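Before any comments, here is the structure.
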Amino acid sequence: MQRRERRRDDDKTHQIGDWIPKTQLGKMVAEGMVSTMSAALATRLRLREPEIVDILLPEMADEVLDVNMVQRMTDSGRRVRFAITVVVGNSDGFVGVGRARGKEVGPAIRKAIDIAKLNLIELRRGCGSWECGCGKPHTLPFATEGKSGSVVVTFKPAPRGVGLAVADIPKHVLRMGGIRDAWGFSKGHSKTTVNYGLAAFEALKRSTEVRVTKEQLAKLKILTGAAEVKAIALDSATAAKILERSRRDDRIKEKVRAVERMLSRKAEAAGEEIADDADAAEPAEEEPAANGGGQK
Ligand SMILES: [Zn+2]
0 MQRRERRRDD DKTHQIGDWI PKTQLGKMVA EGMVSTMSAA LATRLRLREP
50 EIVDILLPEM ADEVLDVNMV QRMTDSGRRV RFAITVVVGN SDGFVGVGRA
100 RGKEVGPAIR KAIDIAKLNL IELRRGCGSW ECGCGKPHTL PFATEGKSGS
150 VVVTFKPAPR GVGLAVADIP KHVLRMGGIR DAWGFSKGHS KTTVNYGLAA
200 FEALKRSTEV RVTKEQLAKL KILTGAAEVK AIALDSATAA KILERSRRDD
250 RIKEKVRAVE RMLSRKAEAA GEEIADDADA AEPAEEEPAA NGGGQK
C-alpha cells in the first residue's frame, strides 16, 4: 500500500499546478534543487520554460515597450499582424526583453512576455561614477554600449540622485532591471522605438560579459544579480499559486488596452503613413527559436 502510493507520488514529483517541467532545469526548480534565479543561470542550462522565472522571481513585472502594426495586401485580402516588444524585470538585478508577432494583440503580448523571460539576464550594478563613491549598487559599474538596427545606445554610470537621464524607452529597460541612476546617449533614428529598447538591452547584456578583475569588483562595488531577492523555499501549493497568477487573463487585457492606446498615438503621429513606418521600423531579426519564426 505504502509502496504504491510512493510510486504514484513519483509520477507527479515535478508537477506544479498545471505545469509539468520538461527540461532538466525546470525539474531542478520544481524539485527545489535550484531555488534562486542566480543559481538557475549559473547552471548554464538553457532557460526554456518561462515558469522557471515565474517561480524563482515572483515579484517580476512586465511592460509593453512598443507595438508595430504591419498591414500587408495578399491575394486573399488585407492582413494585419502585430509585432510586440515587452520588457520584464524584478526591479532588482534581473531584466529581459522579448519580441513576438501575432494576428491578435493579446496572444502576441503573452508570447512576447514569455520570450522576454527566457531572455532574462542577471545585471551588474555598482557605484561606477567617480563623482559619487557612495558604494551602493545604484548605477552601472562602467559605461556600456549596445546596438540594434541603426540605433546605438550608450549608458554611463551616474552619481546618486541623478535618476535615469535617458530617453523613455531605455528608461523602462533600466528601471525594470533596478538601475536607478544613469546617463544615456543615443545615435540613430529615434523613431524606431523598438530598436531603442533592444539596443538598451544589448548594452546591459554586454556589461555582464565584460571581464572584470577582483580590484575592479571591489572598487566599483559590483553586485551581480539581486540585492534583496532571497532563495525560494518552494512548497508546490505556493508555486502553483504563483504560476496561476502570472497566467491570469485580466493582466493581459489591461495590456491590450495599453497597446491600443499606443497604436492610436502612433497613428495620430504618423497619419496615413503608419503602415509604411511600421515596415521601416522592423529591426534585424534576432529572436529565439521559441518565436516560431513569424511572417516576414
Ligand atoms: Zn554611488
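In this text, residue positions in the sequence shown follow numbering that gives the first Met the number 0: the first is 0, and each later residue adds one.
In this text, a Cβ means the ideal position worked out from N, Cα and C, and glycines have one as well.
Note that the structure is a prediction, hence the values are computed from the model and not measured.
The beta strand (DSSP E) runs of length 3 or more contained entirely in the region 57-96 are, from start to end of the chain, 60-73 and 76-88.
Distances between the C-beta of residue 159 and the heavy atoms of ligand 1 include at least one below 6 Å. The three-state reading of DSSP puts residue 174 in helix, counting H, G and I together. Residue 99 and residue 109 have their C-alpha atoms some 9 Å from each other.
Scanning its chain for C-beta atoms nearer than 6 Å, with the 5 sequence neighbours on each side dropped, one finds no residue around residue 247. For residue 154, same chain residues with a beta-carbon under 6 Å away, outside a window of 5 residues either side, are 139, 143, 181, 183 and 202 in chain order. From the listed residues 69, 92 and 145, the smallest Cα separation to residue 35 is found for 92.
For residue 270, there is no enclosing alpha helix (DSSP H), as DSSP marks it with neither H nor E. Collapsing the DSSP output to three states places residue 52 in a helix. Proximity to residue 200 across 71, 15, 57 and 85 peaks at 85, based on C-alpha coordinates. Beta-bridge pairing by DSSP links residue 120 to 94. For residue 212, no alpha helix (DSSP H) segment is defined, and its DSSP state is neither H nor E.
Between residue 223 and residue 58 a beta carbon distance of about 18 Å is seen, past the 8 Å cut, so the two are scored as non-contacting. Beta-bridge analysis with DSSP links residue 152 to 145 and 185.
If you check the CB distance, residue 198 and residue 146 come in under 7 Å. Per DSSP, the unbroken alpha helix (DSSP H) holding residue 24 starts and ends at 23-30. The three-state reading of DSSP puts residue 159 in coil, since its state is none of H, G, I, E or B. Per the coordinates, the alpha-carbon of residue 244 lies some 43 Å from the alpha-carbon of residue 130. Check the Cα spacing between residue 220 and each of 175, 205 and 132: the tightest is with 132. Here residue 64 is not near residue 95, since their CB atoms are 7 Å or more apart. According to DSSP, residue pairing for residue 101 in a beta bridge involves 81. Between residue 175 and residue 88, the C-beta spacing is below 7 Å. Cβ-Cβ distances below 6 Å link residue 26 to 13 and 20 in the same chain, with the five nearest sequence neighbours on each side left out; the list follows chain order. The C-beta distance from residue 141 to residue 162 rounds to 19 Å, too long to fall under 8 Å, and the pair is not in contact. Per DSSP, reduced to three states, the secondary structure at residue 15 is strand. Note that the C-beta distance between residue 46 and residue 117 is below 7 Å.
A direct Cα-to-Cα measurement between residue 90 and residue 134 gives close to 19 Å. Excluding sequence positions up to five before and after residue 123, its CB lies within less than 6 Å of the CB of 140, 206, 207, 221 and 223, all in the same chain and listed in chain order. About 7 Å separates the beta carbon of residue 56 from that of residue 228, a gap short enough to meet the 8 Å contact definition. When the alpha-carbon of residue 177 is set against those of 250, 60 and 53, the nearest one is in 60.
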